[in-house]
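So for the sequence shown, my numbering puts the first residue at 1; every next one is plus one.
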Amino acid sequence: MNAQGYEIHFAPLQGYTDWIYRNNFARFFGGADAYYTPFIRLEPGHAFRNRDLRDMNPANNSVPLLIPQILPGNADEFRELTRLVASNGYQRIDINLGCPFPLIAGKKKGAGMLPYPELVKETLSPIEEFPDIRFSVKMRLGWKNAGEAHNLLSIINNLRLDCVSLHARIGIQQYKGSPDYNSFSRFYQACEHPVFYNGDLKSTEEIHQVFHEYQRLRGVLVGRGLLSSPWMAADFYKNETKPEAERKKQVYAFHEALLNDYKNYLQGESQLLNKMKTLWDYLLPDTDRKIIKKIRKATRLSDYCQAVKQILD
């Protein structure tokens, strides 16, 4: 937490912010007060995915504070997922009511649950069965319209929640279009829990602006902004802007550590190459598109590394 009393949390993104990424981000950049696992869910037959178990395993994680995120579809799934997380020693759990992807939402999970108040109420009712766990909710303004989250406030306000993180878009937008600040403001003013703002924060200036606009915020939840500008949270804390040369040196060290750790974990050059390429979906978005094209077309690790050196040397 910074001197102003706000917090910056690193939002989870499926396929990007796994344990190897989080550990190295904290090591080379830091600044985030908390990190979240991508959502943990139940597979058919009530099985857990091995990658979820590995990702939240405390032995694999070295970040200052890791909060596992669960994706329940009903009260029974909520109980199973909570017991799993608690059995790994965690005392904080985030509940995903915000995933906008149709394959998830179509099952009335994530943001797809928001139009159904009774389902939300039933799914979250077991919170009282786990008094030793601090729960939070990550949600959107709605699935099809921004009134859906507002309609849930009577339920949300009566739950024992540590905080609510609200992405200022509806689900069907996914990450397109502009955040709806007016609807966010309505929810923020009526919510009786501490609120985190989430959605399109790409610079320290934008974080300052949000805190100025919504002074009762607990903090901000930042995902894609930290993937693209990983120094942003630390710069906000220190109230500084590092020179570009220093940033590139930092990113290069981070990249090399990621490459080495994934090399020790993944099977073969092809898997490693595919994983490293995803880094550039967001990182340094102002990079010359011709070099990014070289990275995406690389079929050998040596070609990939040569292209990366053009950016970071």
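Glycine residues also receive a C-beta, built at the ideal position from the N, C-alpha and C atoms. Values in this document were obtained by computation on a predicted structure and should not be read as measured data.
Leaving out the 5 sequence neighbours to the left and right, which residues in its chain are closer than 7 Å to residue i when beta-carbon positions are compared?
i           : result
residue 46  : 80
residue 108 : 73, 116 and 119
residue 319 : Residue 319 falls outside the range modelled here, since the chain spans only 1 to 313, and no answer is possible.
residue 121 : 155
residue 16  : 227 and 278
I believe residue i touches residue j by the beta-carbon criterion, under 8 Å. Please report the beta-carbon distance rounded to the nearest angstrom.
i           : j           : result
residue 285 : residue 254 : Their Cβ separation, rounded to whole angstroms, is 16 Å, which puts residue 285 and residue 254 out of contact at 8 Å.
residue 95  : residue 140 : So it is not a contact: roughly 13 Å between Cβ atoms.
residue 26  : residue 58  : At roughly 15 Å, the Cβ-Cβ gap does not stay under 8 Å, so residue 26 and residue 58 are not in contact.
residue 146 : residue 183 : 4 Å
residue 39  : residue 66  : Contact flag wrong, Cβ pair sits at about 14 Å.
residue 273 : residue 301 : 6 Å
residue 248 : residue 312 : 5 Å
So the beta strand (DSSP E) residue i belongs to, where does it begin and stop?
i           : result
residue 138 : 134-142
residue 96  : 92-97
residue 295 : Careful: residue 295 lies outside any beta strand (DSSP E), inside the alpha helix (DSSP H) at 289-297.
residue 21  : That residue, residue 21, is in no beta strand (DSSP E); its alpha helix (DSSP H) goes 19-28.
residue 220 : 219-222
residue 35  : 34-36
Tell me, which residues are paired with residue i by DSSP?
i           : result
residue 167 : 140 and 198
residue 43  : 47
residue 66  : 35
Return the first residue and the last residue of the alpha helix (DSSP H) that residue i is part of.
i           : result
residue 308 : 301-312
residue 246 : 244-265
residue 85  : 75-87
residue 9   : Looking at the DSSP string, residue 9 is not in any alpha helix (DSSP H); the run it does join, the beta strand (DSSP E), is 7-10.
residue 120 : 117-124
residue 282 : Element bounds for residue 282: n/a, residue is neither H nor E.
residue 146 : Per DSSP, residue 146 belongs to no alpha helix (DSSP H) and is neither H nor E.
residue 59  : Note, residue 59: premise wrong, no alpha helix (DSSP H); not H, not E.
residue 235 : 232-238
residue 105 : 102-105
residue 188 : 181-190
residue 155 : 153-156
residue 241 : Here residue 241 belongs to no alpha helix (DSSP H), and DSSP marks it neither H nor E.
residue 211 : 204-213
Does any residue of chain C bring its CB to less than 8 Å from the CB of residue i?
i          : result
residue 87 : No chain C is present in this structure, which holds just one protein chain.
Note down, in chain order, each residue of its chain lying with its Cβ closer than 6 Å to the Cβ of residue i, except the 5 sequence neighbours on either side.
i           : result
residue 200 : 179
residue 223 : 11 and 13
residue 18  : 55
residue 279 : none
residue 148 : 114, 115 and 142
residue 261 : 20
residue 138 : 94, 96, 98 and 165
residue 157 : 192
residue 105 : 111, 112 and 171
Please say whether residue j and residue i have beta carbons closer to each other than 8 Å?
i           : j           : result
residue 219 : residue 36  : no
residue 111 : residue 98  : yes
residue 126 : residue 75  : yes
residue 266 : residue 275 : yes
residue 165 : residue 196 : yes
residue 190 : residue 153 : yes
residue 103 : residue 159 : no
residue 93  : residue 48  : no
residue 77  : residue 53  : no
residue 61  : residue 23  : yes
residue 292 : residue 308 : no
residue 209 : residue 100 : no
residue 161 : residue 193 : yes
residue 314 : residue 202 : Given a span of 1 to 313 for the chain in the structure shown, any question on residue 314 remains unanswerable.
residue 133 : residue 69  : no
Using a Cβ-Cβ cutoff of less than 8 Å, which residues in the same chain neighbour residue i once the five nearest sequence positions on both sides are dropped?
i           : result
residue 3   : In this predicted model, residue 3 has a pLDDT of only 46, less than 50, meaning its place in the structure is not dependable enough to derive any value.
residue 235 : 31, 204, 241 and 242
residue 238 : none
Cβ of residue i within 7 Å of any heavy atom in the ligand NAD?
i           : result
residue 216 : Because no ligand of any kind appears in the structure shown, any question about the ligand NAD cannot be addressed here.
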